[in-house]
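Each residue of the sequence shown is one higher than the one before, counting from 531 in my numbering.
All C-beta atoms, glycine included, are put in the ideal place defined by N, C-alpha and C.
Remember, it's a predicted structure, so these values are computed and weren't measured experimentally.
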Amino acid sequence: MQCSQKSKLQDIAGDEVGFKQYWKYLTWKNARTVFEVRTNMLRSNANYGQNDEICYKCVKQKETTKHIFECEDSTDDKISRESYRDMIRKAGPRQDSARQSAEAIRNYMDERTKMKQIINRFG
Ligand SMILES: [Zn+2]
């Protein structure tokens, strides 16, 4: 736990320059989502110590920030390896793709939360 907290702090420090850039051209909501992707802090269960949390889409792999973009069962083309690479670019993501990807990711997280609620209740 201490170890992962430390790496999170290092990631945040590492994104200081990038954040200053994209904060200027994105809304605060999108900038925050981009920040969460870049620092691997998307509110996925795998990031909160429940390490055996499996991706609800493919039900094969551990659900990490990176996996959400790489999942073979993802149907949204705004959530892809390419958009992940763009979002974590050192200089900050491109404005248009960042806005679209941030919105897609928030939709994904909403959908995922609803899905988990159903699974927890009936699964
Ligand atoms: Zn998956």
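- With fewer than 16 other Cβ atoms from the protein chains shown falling within 10 Å of its own Cβ, M645 counts as exposed.
- Comparing C-alpha distances from R636 to each of E612, D606, R651 and I649 shows the shortest one belongs to D606.
- Sequence-distant Cβ neighbours of E566 in its own chain, meaning closer than 6 Å and more than five residues away, are L572.
- Following the DSSP letters along the chain, one finds V564 inside the alpha helix (DSSP H) bounded by residues W558 to R568.
- Contact check for A632 against V564 passes: the beta carbons are separated by less than 9 Å.
- A contact between stretches requires three or more CB pairs, one per stretch, nearer than 8 Å, and the stretch 548-560 meets this requirement with the stretch 615-632.
- At a Cβ-Cβ threshold of 9 Å, E583 and E593 count as neighbours.
- For D607, the CB stays at least 8 Å from every heavy atom of ligand 1.
- Within the chosen limit of 8 Å, ligand 1 does not reach the beta carbon of S610 with any heavy atom.
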